[in-house]
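Chains as they are written, first to last, in my numbering: chain V, 257 to 371; chain P, 9 to 121.
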């Protein structure tokens, strides 16, 4: 069955530290999509990245980077030189292309960046 | 560009009262629409989704219902609210295949007393 695990419930770092948020997924599909969303205190989920299962290249966008490894079924998210504005809950999600259509969300990781 | 609206932003309702939450999308046509609920400090639970007018699929049996009276309007309703209905309700949309990226609205915070 499909599943997304974000084992880190809450992480606290001091500003300018690097931090990695872990995401491990389970799926039987060979074609699937992985996502990361940010939920700031306002509540709205902000889309960060979408990755399909055939694209294992790592992605970098400014201070954000993502490491997708099919061998370990992981899609980890790293924030470099964290800032207070990065404080939020981050969700990882999986969407399969066969059977169900829906997103399977992890339970989220709350990141607190302290000044 | 596309935008998604939800209202009200916050709602406090007594147990047993009715509920109507509205979601509208602008700047696109024939979107797929979704209702999620997030309990305090928890993840997201998909409640309903719709691929077209009048087409509603329910994910979780409960006292909530959804309707899509117009192409870009999605409504979440209840005849009698329960305490357990409290939470943060998020509407989302995407286009085309259901696996496409979903974009979320600002959400409605519902407190049932």
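Just so you know, even glycine gets a beta-carbon here, dropped at the ideal spot from N, CA and C.
Residue interval of the beta strand (DSSP E) (run including residue i)
| i | result |
| --- | --- |
| residue 319 of chain V | Per DSSP, residue 319 of chain V belongs to no beta strand (DSSP E) and is neither H nor E. |
| residue 283 of chain V | Here residue 283 of chain V belongs to no beta strand (DSSP E), and DSSP marks it neither H nor E. |
| residue 55 of chain P | 52–60 |
| residue 74 of chain P | 72–78 |
| residue 260 of chain V | 259–261 |
| residue 84 of chain P | 81–86 |
| residue 352 of chain V | 344–352 |
| residue 40 of chain P | 40–46 |
| residue 361 of chain V | 359–361 |
Inter-residue Cα distance where the pair is residue i and residue j
| i | j | result |
| --- | --- | --- |
| residue 261 of chain V | residue 291 of chain V | 13 Å |
| residue 267 of chain V | residue 336 of chain V | 14 Å |
| residue 259 of chain V | residue 27 of chain P | 32 Å |
| residue 46 of chain P | residue 53 of chain P | 6 Å |
| residue 123 of chain P | residue 43 of chain P | The first residue shown for chain P is 9 and the last is 121, placing residue 123 of chain P beyond what the model contains. |
| residue 92 of chain P | residue 315 of chain V | 40 Å |
| residue 64 of chain P | residue 78 of chain P | 12 Å |
| residue 264 of chain V | residue 277 of chain V | 7 Å |
| residue 307 of chain V | residue 358 of chain V | 16 Å |
| residue 97 of chain P | residue 36 of chain P | 22 Å |
| residue 353 of chain V | residue 360 of chain V | 12 Å |
| residue 297 of chain V | residue 343 of chain V | 8 Å |
| residue 59 of chain P | residue 371 of chain V | 45 Å |
| residue 70 of chain P | residue 76 of chain P | 18 Å |
| residue 120 of chain P | residue 365 of chain V | 27 Å |
| residue 41 of chain P | residue 48 of chain P | 23 Å |
| residue 341 of chain V | residue 334 of chain V | 15 Å |
| residue 311 of chain V | residue 286 of chain V | 12 Å |
| residue 367 of chain V | residue 320 of chain V | 14 Å |
| residue 318 of chain V | residue 345 of chain V | 19 Å |
| residue 362 of chain V | residue 295 of chain V | 13 Å |
Inter-residue CB distance, residue i and residue j (contact presumed, cutoff 8 Å)
| i | j | result |
| --- | --- | --- |
| residue 300 of chain V | residue 16 of chain P | That belief does not hold up - the Cβ atoms of residue 300 of chain V and residue 16 of chain P are roughly 15 Å apart, past 8 Å. |
| residue 271 of chain V | residue 325 of chain V | With a Cβ gap of about 28 Å, residue 271 of chain V and residue 325 of chain V do not count as contacting. |
| residue 85 of chain P | residue 94 of chain P | Rounded, the Cβ-Cβ distance is 16 Å, inconsistent with contact. |
| residue 111 of chain P | residue 303 of chain V | 6 Å |
| residue 18 of chain P | residue 34 of chain P | That pair is no contact at about 22 Å. |
| residue 288 of chain V | residue 350 of chain V | 6 Å |
Which residues DSSP lists as bridging residue i, in chain order
| i | result |
| --- | --- |
| residue 267 of chain V | V:367 |
| residue 276 of chain V | V:334 |
| residue 12 of chain P | P:33 |
| residue 20 of chain P | P:119 |
| residue 103 of chain P | Answer is none; residue 103 of chain P lacks a bridge partner. |
| residue 303 of chain V | V:293 |
| residue 64 of chain P | According to DSSP, residue 64 of chain P bridges with nothing at all. |
| residue 28 of chain P | P:85 |
| residue 308 of chain V | V:289 |
Quiz item: With contact counted as at least three CB pairs below 8 Å, one residue from each stretch, are the region 325–333 of chain V and the region 277–292 of chain V in contact?
Solution: These segments touch.
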